[in-house]
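Let me begin by presenting the structure, written as structure tokens, before commenting on it.
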Amino acid sequence: MNRSVIVMPSYNPDEHMITFLQALIAGGARKIIIVNDGSEADRLPYFEEAAAYPEVDLLTHEVNKGKGRAIKTAIAHYRSMGYENEFLGLITADDDGQHAPADVQKMADALAELYSSSGASTQTATDNDKNDDRHPDRTIILGVRDFGENVPFRSRIGNTLTRKLFHLFYGVPVQDTQTGLRAIPNELLEFCENVRGERYEYEMNVLTESALHKIALKQLGIATIYIDKNSASRFHVVRDSWKIYKVLFGRFFKYALSSLSSCLIDVGLFQLFIMLLKDKVGPYILTATVLARIVSSFYNYSMNRKVVFGTGNVKKTIFRYYLLAVCQMLVSAGLVTGAKLLLPVLPESLIKVVVDTLLFFISYRIQQNFIFTEKHA
748 MNRSVIVMPS
758 YNPDEHMITF
768 LQALIAGGAR
778 KIIIVNDGSE
788 ADRLPYFEEA
798 AAYPEVDLLT
808 HEVNKGKGRA
818 IKTAIAHYRS
828 MGYENEFLGL
838 ITADDDGQHA
848 PADVQKMADA
858 LAELYSSSGA
868 STQTATDNDK
878 NDDRHPDRTI
888 ILGVRDFGEN
898 VPFRSRIGNT
908 LTRKLFHLFY
918 GVPVQDTQTG
928 LRAIPNELLE
938 FCENVRGERY
948 EYEMNVLTES
958 ALHKIALKQL
968 GIATIYIDKN
978 SASRFHVVRD
988 SWKIYKVLFG
998 RFFKYALSSL
1008 SSCLIDVGLF
1018 QLFIMLLKDK
1028 VGPYILTATV
1038 LARIVSSFYN
1048 YSMNRKVVFG
1058 TGNVKKTIFR
1068 YYLLAVCQML
1078 VSAGLVTGAK
1088 LLLPVLPESL
1098 IKVVVDTLLF
1108 FISYRIQQNF
1118 IFTEKHA
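748 is the number of the first residue of the sequence shown in the numbering used here; add one for each residue after it.
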């Protein structure tokens, strides 16, 4: 633990924070950043007691701003103090007694291993390290829990649903999407500080942005601890769940709207060109189809690059996008033809709806993982 800084966002803590803090210091922690996120006046003595330890930097929000903002405040403090010259990175941990000090030590060991395994003794990576998924500039470590029978029903169901949705939409299997125990190397602190979100949705945003930027998520098993069935949790079921699922569905919802609006533009332009070209151009249907598809496809490409995925260099993505579009068109035609030969009683239009719906989801994953994606720089 002596090579990592521990970060504890804290709102209305109790004696568990002091017990946890003392255990961390006894385990060798040299620097702990605690963020008082606008706690009530009767909880201030806990912060005063914590601040008496020389290992503690106490930061304060005058009003409650959320866990995400508290973590960003700690990251900004870490960087402003120049701690990256002394430590390898920081470890976020909850203050309510649900993270074992031994697991924090496990995270610290794993963070140190990232540097030793990559041969990086400083913050700078060599060119040979760039493609190593274990290099610290491309890895966030997650302490993941085992959601078995002893876990409160609400937590077990919620985590099961979010991890399956995350795997479905982002293609990355994460056992515990809501874990607060995470190790972040120095190289990714600026990245994490710039991730959107102020409250619990921030931690989900870190996972989604990591998936989009090809940042590895290393997972370590940790103890599953729930005190009094998690009755002290500050997680607001309706409000915070809505924000988390909004993150999970947000990008796919934008993708669906982009596709739908592109389709409407394509149909509208097709009708316009039909009226303009009929009786003037021989193959007017083919001409109208091509012109409408050129405009609608470029609109779709622009929307996906700027609004849906929000990343990707034009030179690198436009060729891949149109290559995918051509392949998707050919695959659609091939599958519809093959299905019609096997099931001649089915109408072609029904087959095409089923085929294109399947390709719609596949195209989303391909665009997200291979076209509009960036390695973290």
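For each residue, glycine too, the CB sits at the ideal point set by N, CA and C.
Asked: Residue 837 beta carbon less than 9 Å from that of residue 822; Found: yes
Asked: Nonlocal neighbours in the same chain, by C-beta distance under 7 Å from residue 1036, ignoring five residues either side; Found: 1017
Asked: Proximity of residue 817 and residue 757 at Cβ, strictly below 9 Å; Found: yes
Asked: Per DSSP, the bridge partner or partners of residue 929; Found: 839, 889
Asked: Nearest neighbour of residue 847, chosen from 770, 815, 917 [CA to CA]; Found: 770
Asked: Other residues of its chain near residue 991: CB distance less than 6 Å, five sequence neighbours each side excluded; Found: 948, 951
Asked: The region 801-819 touching the region 774-782, judged by at least three CB pairs closer than 8 Å; Found: yes
Asked: Residue 908 versus residue 1045: straight-line alpha-carbon distance, rounded; Found: 35 Å
Asked: Distance, residue 964 Cα to residue 1116 Cα; Found: 15 Å
Asked: N-terminal and C-terminal residue of the beta strand (DSSP E) that residue 751 is part of; Found: 751-757
Asked: Cβ contact check for the region 1094-1105 and the region 1070-1083: 3 or more pairs under 8 Å; Found: yes
Asked: Cβ pair residue 755, residue 850 closer than 9 Å; Found: no
Asked: Length of the line joining the Cα atoms of residue 891 and residue 828; Found: 30 Å
Asked: Buried versus exposed call for residue 1022 [16 or more other C-beta atoms within 10 Å across all chains shown]; Found: exposed
Asked: For residue 1043 and residue 1009, believed in contact at Cβ under 8 Å, the rounded distance; Found: 5 Å
Asked: Residue(s) in a DSSP beta bridge with residue 780; Found: 754, 804
Asked: Through-space distance from residue 1039 to residue 1014, alpha-carbon basis; Found: 8 Å
Asked: Which of helix, strand or coil DSSP assigns to residue 812; Found: coil
Asked: Simplified DSSP state of residue 845, which is helix, strand or coil; Found: coil
Asked: is_contact[residue 935, chain D] using C-beta, thresh 9 Å; Found: Going by chain labels, chain D is absent from the structure shown, which holds only one protein chain.
Asked: Between the CA atoms of residue 826 and residue 845 - distance to the nearest angstrom; Found: 27 Å
Asked: Segment limits, alpha helix (DSSP H) that includes residue 1081; Found: 1061-1089
Asked: Residue(s) in a DSSP beta bridge with residue 968; Found: 891
Asked: Among 768, 1034, 910, the one whose alpha carbon lies nearest that of residue 798; Found: 768
Asked: Sub-9 Å separation of residue 959 and residue 1120 beta-carbons; Found: yes
Asked: Every unbroken beta strand (DSSP E) inside the region 931-957 [3 residues or more]; Found: none
Asked: Proximity of residue 752 and residue 862 at Cβ, strictly below 9 Å; Found: no
Asked: DSSP beta-bridge partners of residue 963; Found: 886
Asked: Range of the contiguous alpha helix (DSSP H) that encloses residue 1104; Found: 1095-1113
Asked: CB contact flag (residue 750, residue 889, <9 Å); Found: no
Asked: Alpha-carbon spacing of residue 1002 relative to residue 796, whole angstroms; Found: 50 Å
Asked: Neighbour-count burial assignment, residue 970, 16 or more Cβ in a 10 Å radius; Found: exposed
Asked: Own chain residues within Cβ distance below 6 Å of residue 878, not counting five before or after; Found: Per-residue confidence for residue 878 stands at a pLDDT of 38, beneath the threshold of 50, marking its modelled position as unreliable; the derived number appears in the next sentence. Closer than 6 Å at Cβ, skipping near neighbours: no residue.
Asked: Spatial distance of residue 790 from residue 807 (CA atoms); Found: 13 Å
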